[in-house]
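Participant: Below are the structure tokens for one structure; questions will follow.
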Amino acid sequence: MNPIVLVTGGSRGIGAATSKYLAKQNYAVCVNYISNKIEATKVVSDIEKNGGRAIAVQADVSKEDDVIRLFNTIDNSLGQITHLVNNAGILLPQIRVSEMTAERINKVLTTNVTSYFLCSREAINRMKSGGSIVNVSSAASRLGSAGEYVDYASSKGAIDTLTIGLSLEVASQNIRVNCVRPGFIYTEMHGDGGEPDRVERVKPLIPLQRGGTPDEVASSIAFLLSNEASFITGTFVDIAGGK
Ligand code: NAP
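So this is what it looks like as structure tokens:
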């Protein structure tokens, strides 16, 4: 039986690259998105054109009812999930902590943290014969994003801790939980922070002197998800060009 994976935020950026990469490895893929149906449909079409199997499902993964509907749709359309990539995430315009409102902080935390808990819960409850989860964190969890988005960096710190705790909690169920921490990757996310060319600005500070591509993150996610990593759990891969 082919593995079945959910990629949250699979319509664009790292999630889209990961969805396509996993489809080429014979996963049936659920491409989740929140609002960009056109891009999600393009990812599904691309996978189908290459002979793969995929569905696009709209759901706001920070909302419990949406997450339950998302997993029920996977059960009914693809079958029992075997793998999960917790990837959907946001950052908001660059400001200092001294200016942050509770509304902003809560939006970042529910989108970037609550969603990973809810999707992990639903996946684990279905992974009766084991499974594998990869959380997409960020180099920001180590660096802190001072003056830009400490709320975002803190949400990724929570994901690092979730990875450690959850990996220990479910190891005896043969479910592995690992984490990737990308650095500066060329995606549209930086525009949401108000600086679309952010990677160009910071690249001289990156030891490898360049930003990363979504495909360079997808390949590490795929490795950690796969049986090639069968004795690896609770660990972190930094994909940040040396920073
Ligand atoms: P992106 O290009 O902005 O794409 C974000 C994706 O998340 C989109 O598919 C979006 O769906 C989806 N999404 C956002 N909120 C959602 C919600 N509440 N429910 C469901 N889907 C939602 O982002 P990216 O750069 O690929 O980032 C992906 C992950 O990598 C994030 O966790 C991010 O923190 C992490 N990361 C990125 C970088 C980087 O430099 N880009 C570095 C480190 C870590 P729509 O298309 O429908 O809007």
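Just so you know, we're using the UniProt record's numbering here: the sequence shown kicks off at 1 and counts up by one. Just so you know, even glycine gets a beta-carbon here, dropped at the ideal spot from N, CA and C. Model, not experiment: these values are computed from the prediction.
Is it the case that the CB of Ser-141 approaches a heavy atom of the ligand NAP more closely than 6 Å?
Facilitator: Position 141 of the sequence shown holds residue 141. Ser-141 Cβ: outside cutoff for every heavy atom of the ligand NAP.
Participant: Given 6 Å as the limit, tell me if Phe-71 has its C-beta closer than that to any heavy atom belonging to the ligand NAP.
Facilitator: For the purposes of this step, residue 71 is identified with residue 71 of the sequence shown, where counting begins at 1. Incorrect: Phe-71 has no Cβ contact closer than 6 Å to the ligand NAP.
Participant: Is the shortest distance between the beta-carbon of Ala-153 and the beta-carbons of chain D less than 7 Å?
Facilitator: No chain D is present in this structure, which holds just one protein chain.
Participant: Considering only DSSP beta bridges, list what Asn-86 is partnered with.
Facilitator: The count along the sequence shown starts at 1 and reaches residue 86 at position 86. Asn-86 pairs with Asn-135.
Participant: By the three-class DSSP mapping on this structure, what secondary structure does Tyr-149 have?
Facilitator: The residue labelled residue 149 in the question sits at position 149 within the sequence shown. The answer is coil: DSSP assigns Tyr-149 none of H, G, I, E or B.
Participant: Verify the contact flag: Asn-36, CB atom, against every heavy atom of the ligand NAP, threshold strictly below 6 Å.
Facilitator: The count along the sequence shown starts at 1 and reaches residue 36 at position 36. Checking the Cβ of Asn-36 against the ligand NAP gives yes.
Participant: Which of the three DSSP states is assigned to Arg-126 in this structure?
Facilitator: Walking along the sequence shown from the start, residue 126 turns up at place 126. Here Arg-126 sits in coil by DSSP.
Participant: Starting from Ala-218, trace the alpha helix (DSSP H) both ways and give me its first and last residue.
Facilitator: Indexing the sequence shown from 1 puts residue 218 at position 218. Where Ala-218 is concerned, the enclosing alpha helix (DSSP H) stretches over 214–225.
Participant: Assuming contact is defined by CB atoms lying nearer than 7 Å, are Asn-135 and Thr-163 in contact in what I supplied?
Facilitator: The residue labelled residue 135 in the question sits at position 135 within the sequence shown. The residue labelled residue 163 in the question sits at position 163 within the sequence shown. Against a cut-off of 7 Å, the Cβ pair of Thr-163 and Asn-135 comes out as a contact.
Participant: With C-beta atoms as the reference, is Asn-67 less than 7 Å away from Ala-56?
Facilitator: Counted from its first residue, the sequence shown places residue 67 at position 67. Counted from its first residue, the sequence shown places residue 56 at position 56. The question names Asn, but residue 67 is Val in the sequence shown. Cβ atoms of Val-67 and Ala-56: not closer than 7 Å.
Participant: Ends of the alpha helix (DSSP H) at Asp-46?
Facilitator: For the purposes of this step, residue 46 is taken as residue 46 along the sequence shown, with counting starting at 1. Per DSSP, Asp-46 belongs to the alpha helix (DSSP H) from 37–49.
Participant: Just curious, the beta strand (DSSP E) that Phe-231 is in, first and last residue?
Facilitator: As a working note, residue 231 is residue 231 in the sequence shown. No beta strand (DSSP E) holds Phe-231; DSSP gives it neither H nor E.
Participant: Taking only heavy atoms of the ligand ADP into account, decide whether any of them is closer than 6 Å to the Cβ of Glu-188.
Facilitator: The ligand ADP is absent from the structure shown, which contains only the ligand NAP.
Participant: Check the DSSP bridge columns for Leu-6 and list the partner residues they point to.
Facilitator: For the purposes of this step, residue 6 is identified with residue 6 of the sequence shown, where counting begins at 1. In the DSSP output, where bridge partners are listed per residue, Leu-6 has Cys-30 and Leu-84.
Participant: In the structure shown, what three-state DSSP assignment does Ile-206 receive?
Facilitator: For the purposes of this step, residue 206 is identified with residue 206 of the sequence shown, where counting begins at 1. In this structure, Ile-206 counts as coil in the three-state DSSP scheme.
Participant: Which residue's Cα is closest to the Cα of Ser-141: Asp-238, Phe-71, Thr-82 and Gly-165?
Facilitator: Taking the first residue of the sequence shown as 1, we reach residue 141 at position 141. The option with the nearest alpha carbon to Ser-141 is Asp-238.
Participant: Looking only at its own chain, which residues have a Cβ that is under 8 Å from the Cβ of Thr-187, when we skip the five neighbours before and after it?
Facilitator: As a first step, residue 187 is located in the sequence shown; it is residue number 187 there, counting from the start. Contacts found: Arg-12, Gly-13, Ile-14 and Pro-214.
Participant: In the DSSP output, what is Arg-176 paired with across the bridge?
Facilitator: In the sequence shown, residue 176 corresponds to position 176, counting from 1. The partner list for Arg-176 (beta bridge, DSSP) reads Ser-132.
Participant: How is the beta strand (DSSP E) around Ala-54 delimited, first residue to last?
Facilitator: One-based indexing of the sequence shown puts residue 54 at position 54. Run containing Ala-54: 54–58, per the beta strand (DSSP E) assignment.
Participant: Could you have a look at Ile-68 and say whether DSSP puts it in helix, strand or coil?
Facilitator: For this step, residue 68 is matched to residue 68 along the sequence shown. DSSP places Ile-68 in helix when its eight states are reduced to three.
Participant: Cys-189 lies in the alpha helix (DSSP H); which residues open and close that run?
Facilitator: The residue you call residue 189 lines up with position 189 of the sequence shown. The sequence as given places Met at residue 189; Cys does not occur at that position. Where Met-189 is concerned, the enclosing alpha helix (DSSP H) stretches over 189–192.
Participant: Under the criterion of a Cβ to heavy atom distance below 6 Å, does Asp-46 qualify as lining the ligand NAP?
Facilitator: By 1-based counting over the sequence shown, the position of residue 46 is 46. No, the beta carbon of Asp-46 sits no closer than 6 Å to any heavy atom of the ligand NAP.
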